[in-house]
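Residue 4 is where the sequence shown starts when you use this note's numbering, and the numbers rise one by one after that. First the structure, in the form of structure tokens, and then the observations on it.
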Amino acid sequence: MKVLFLNGPNLNLLGTREPGIYGNLTLADIESKVRVEAAKLKAEVEFRQSNIEGELVTWIQQARGVFNAIVLNAAAYTHTSIAIRDAIAAAGVPTVEIHLSNVHARESFRHDSLIAPVCRGVIGGFGVNSYVLGLIAAVSDIECGK
Ligand code: CA2
């Protein structure tokens, strides 16, 4: 079971700014917590982050046949990117959309997700636990589909 975690723009700044919204943990701290859960689930995880939409699109395309699932925090591209939506649909790799914050409790422009319709489901609002829950959802979803 191989799960690819993809992180979108500005998530490299986690732990350095806006702790009130996104918490104090860095992306490396989050990855460590996910790896603890992955070991329990006997899943292999890979973590990547990019500020570039096209790089995320390429990684989604390349995941086909290599990863069993993608857990994706597309950050602001969640609300804007038809290219990422099309890549998820084309790759056919089951994808879980995640968010640190509860986007529905924030500005209205964050309420819509262009990628949610092509994802298996959406988890948000639980901070670092959204990542851990995303992994659990991805692994159990794949196991159920076997
Ligand atoms: O809540 C989430 O995980 C988001 O995907 C985060 C995105 C935001 O655009 C989405 O609406 C919800 C923003 C990520 C920016 O991360 C920062 C981290 C530290 C300091 C500044 C930005």
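Don't be surprised by glycine CBs; every beta carbon is placed ideally from N, CA and C.
Closest Cα partner of residue i within the set the options
i, options, result
"lysine 43", "Asn10, Gly148, Leu138 and Ser53", "Leu138"
"aspartate 32", "Gly148, Val142 and Val135", "Val135"
"threonine 98", "Ile145, Lys45 and Gly26", "Ile145"
"phenylalanine 8", "Asp89, Gly26 and Val48", "Val48"
"isoleucine 126", "Ile85, Ile55, Gly95 and Val74", "Val74"
Inter-residue Cα distance where the pair is residue i and residue j
i, j, result
"isoleucine 91", "leucine 30", "23 Å"
"isoleucine 63", "glycine 23", "30 Å"
"glutamate 34", "threonine 83", "26 Å"
"asparagine 15", "leucine 28", "11 Å"
"arginine 20", "phenylalanine 129", "18 Å"
"serine 116", "threonine 81", "5 Å"
"phenylalanine 112", "alanine 77", "15 Å"
"valine 60", "lysine 36", "26 Å"
"phenylalanine 70", "glutamate 40", "18 Å"
"valine 6", "cysteine 122", "15 Å"
The ligand CA2 heavy atom lying under 8 Å from the CB of residue i
i, result
"glutamate 49", "no"
"glycine 137", "no"
"leucine 102", "Per the sequence presented here, residue 102 reads as histidine, with leucine not at that position. Result yes, Cβ under 8 Å from the ligand CA2."
"histidine 107", "no"
"asparagine 132", "no"
"asparagine 13", "yes"
"alanine 31", "no"
"alanine 77", "yes"
"leucine 7", "no"
"arginine 88", "no"
"glutamate 21", "yes"
Continuous beta strand (DSSP E) stretch holding residue i: start and end
i, result
"isoleucine 101", "98-102"
"asparagine 105", "Premise fails: asparagine 105 is in no beta strand (DSSP E) and is neither H nor E."
"isoleucine 126", "124-127"
N- and C-terminal bounds of the alpha helix (DSSP H) containing residue i
i, result
"isoleucine 87", "85-94"
"alanine 79", "Alanine 79 -> no alpha helix (DSSP H), and no H or E assigned at all."
"glycine 148", "131-148"
Tell me the start and end of each unbroken beta strand (DSSP E) in the stretch 5-70 that is at least 3 residues and wholly inside, in chain order. 5-10 and 47-52
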